[in-house]
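Residues in the sequence shown are numbered consecutively from 1, following the numbering used here. Glycine is no exception: its CB is placed at the ideal position from the N, C-alpha and C atoms. Computed from a predicted structure; not experimentally measured. A quick write-up on the structure given underneath.
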Amino acid sequence: MLAVIGAMKEEVDSLAAGMTVADQQVHAGIDVIRGDFAGVELVLAQCGIGKVNATICTQMLIDLYRPRALIFSGVAGGLLPNMRIGDVVIVSHLIQYDMDLTAFGRRHGELPGKDRMIESDPALVQKAAAAFDAAFPDPAAGPSLMLGTVVSGDRFVQDPDKLRWLQREFAALATEMEGAAVGYTCELNGVPFVVIRALSDTASETASSDFAANLHTVCENSFRVLERLIPDVGARAADGRPAPTSRACPAPSAAPR
Ligand code: ADE
């Protein structure tokens, strides 16, 4: 079983349309579709916007469905000057940028006893990059791919000063509102994860109107990566064992991963 999360309807619609649905349920107010995509058993949830919603959704999916890997797919605001709308970021590291214990001498994003960087599963990052290459084989025609750090906070960034700070403080490529919460929850549960984001805006003055204008089209770019990644991650070896991820999962409980 794989789990996929998107925050908004537009971020889950294409995948939902391609699934053969076994059942639909609502848990903690979150719509969850269980079924099959390209022969892979899948659970898909729309978590809603922000880190609290993302945390609740991720923990709920892990507890109820025991996924052996989790993928978040959606959009983000790009932080670098040369980025284009629709470019894709495969997230290697995430930081919760609005975690602020600087009053106690800690760096922005840092919690006691934790590294401020939350690392995606390296094998899933590589598989997602390969899925991008397969989805967009002509580098001159399609979006660009970047791998790197993305920051998450409970704020839609529409501010050149804030975007410059995010870029310089965290060396981040993009900003969004869920990824670090999903990653943190997966990390605590030992579930391998990766986050895929397509750029809907550049987090500056026109971000909210750019976001609204581009949301639908750029979601298609992350979906094109997702539709190739899912069969790869869901593939089983000849002996029937699941394809490897980099991290060991905790011992399975009630349901198979
Ligand atoms: N998601 C997409 N664009 C964003 C932005 N500018 N800030 C936060 N989250 C986003």
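From the DSSP secondary-structure annotation, give me the bridge partner or partners of G109. Translated into the one-based positions of the sequence shown, residue 109 becomes position 109. Under DSSP, G109 shares a beta bridge with no residue.
With Q59 as the anchor, note down where its alpha helix (DSSP H) starts and where it stops. For the purposes of this step, residue 59 is taken as residue 59 along the sequence shown, with counting starting at 1. DSSP places Q59 in the uninterrupted alpha helix (DSSP H) bounded by K51 to Y65.
Three or more C-beta pairs under 8 Å: does that hold for the stretch 136-147 against the stretch 76-89? Output reads yes: the stretch 76-89 touches the stretch 136-147.
By alpha-carbon positions, which one of Q96, I62, D159 and V191 ends up nearest to A123? Within the sequence shown, the letter at position 123 stands for residue 123. With distances taken between Cα atoms, A123 lies closest to V191.
Count the other CB atoms, across all protein chains shown, that sit within 10 Å of the CB of T149; report buried if there are 16 or more and exposed otherwise. The sequence position of residue 149 within the sequence shown is 149, counting from 1. When all chains shown are included, T149 counts as buried.
Under 8 Å, do V75 and L166 count as touching if we go by C-beta distance? The sequence position of residue 75 within the sequence shown is 75, counting from 1. The sequence position of residue 166 within the sequence shown is 166, counting from 1. Not in contact: V75 and L166 (Cβ atoms no closer than 8 Å).
Which of helix, strand or coil DSSP assigns to A45: Stepping through the sequence shown from its first residue, residue 45 is reached at position 45. DSSP places A45 in strand when its eight states are reduced to three.
Say yes only if the C-beta of E176 is nearer than 7 Å to one or more non-hydrogen atoms of ligand 1, and no if none qualify. Your numbering for residue 176 matches position 176 in the sequence shown. Flag set: Cβ of E176 near ligand 1.
Buried versus exposed, by CB contacts within 10 Å (16 or more), V26: Your numbering for residue 26 matches position 26 in the sequence shown. V26 is exposed by the Cβ-count criterion.
If you run the structure through DSSP and keep just helix, strand and coil, what is S209? Taking the first residue of the sequence shown as position 1, residue 209 is located at position 209. Of the three classes helix, strand and coil, the one that applies to S209 here is helix, per DSSP.
Can you have a look at V182 and say buried or exposed, based on whether 16 or more other CB atoms are within 10 angstroms of its CB? Along the sequence shown, one-based indexing puts residue 182 at 182. By the neighbour-count criterion, in which 16 or more other beta carbons inside 10 Å mark a residue as buried, V182 falls on the buried side.
For L70, which beta-bridge partners are listed by DSSP? Here residue 70 corresponds to residue number 70 of the sequence shown, with the count starting at 1. In the DSSP output, where bridge partners are listed per residue, L70 has A3 and F193.
Following a CB-centred definition, is S73 positioned closer than 7 Å to any heavy atom of ligand 1? To locate residue 73, count along the sequence shown from 1; it is residue 73. For ligand 1, no non-hydrogen atom lies closer than 7 Å to the CB of S73.
Quick check: the stretch 128-143 against the stretch 34-52, are at least 3 beta-carbon pairs closer than 8 Å? No, because fewer than three Cβ pairs between the stretch 34-52 and the stretch 128-143 fall closer than 8 Å, the two stretches do not touch.
For K9 and R236, the rounded distance between their alpha carbons: Position 236 of the sequence shown holds residue 236. Position 9 of the sequence shown holds residue 9. Cα to Cα, the separation comes out at about 30 Å.
Decide if R224 is buried, meaning its Cβ has at least 16 other Cβ atoms within 10 Å, or exposed. By 1-based counting over the sequence shown, the position of residue 224 is 224. Result: buried.
I want to check one thing, is the minimum distance from the CB of V157 to the heavy atoms of ligand 1 below 7 Å? The residue labelled residue 157 in the question sits at position 157 within the sequence shown. Distances between the C-beta of V157 and the heavy atoms of ligand 1 include at least one below 7 Å.
For the beta strand (DSSP E) containing L94, name the first residue and the last one. Taking the sequence shown and counting its residues from 1, one reaches residue 94 at position 94. Residues V88 to Q96.
Is it the case that the CB of S120 approaches a heavy atom of ligand 1 more closely than 7 Å? The residue given as residue 120 occupies position 120 in the sequence shown. For S120, the shortest C-beta to heavy atom distance toward ligand 1 is 7 Å or greater.
Using CA coordinates, which residue listed in G179, A17, S14 and I33 is at the minimum distance from L2? What you label residue 2 is simply residue 2 of the sequence shown in a count that begins at 1. For the residues G179, A17, S14 and I33, the minimum Cα distance to L2 belongs to I33.
Delimiting residues of the beta strand (DSSP E) encompassing G148: Mapped onto the sequence shown, residue 148 falls at position 148. Residues L145 to S152.
Label R164 either buried or exposed according to how many other C-beta atoms from any shown protein chain fall within 10 Å of its C-beta, with 16 as the threshold for buried. Along the sequence shown, one-based indexing puts residue 164 at 164. When all chains shown are included, R164 counts as exposed.
Hey, would you say the C-beta of A76 is under 7 Å away from at least one heavy atom of ligand 1? The count along the sequence shown starts at 1 and reaches residue 76 at position 76. In this structure, the C-beta of A76 approaches ligand 1 to less than 7 Å from one of its heavy atoms.
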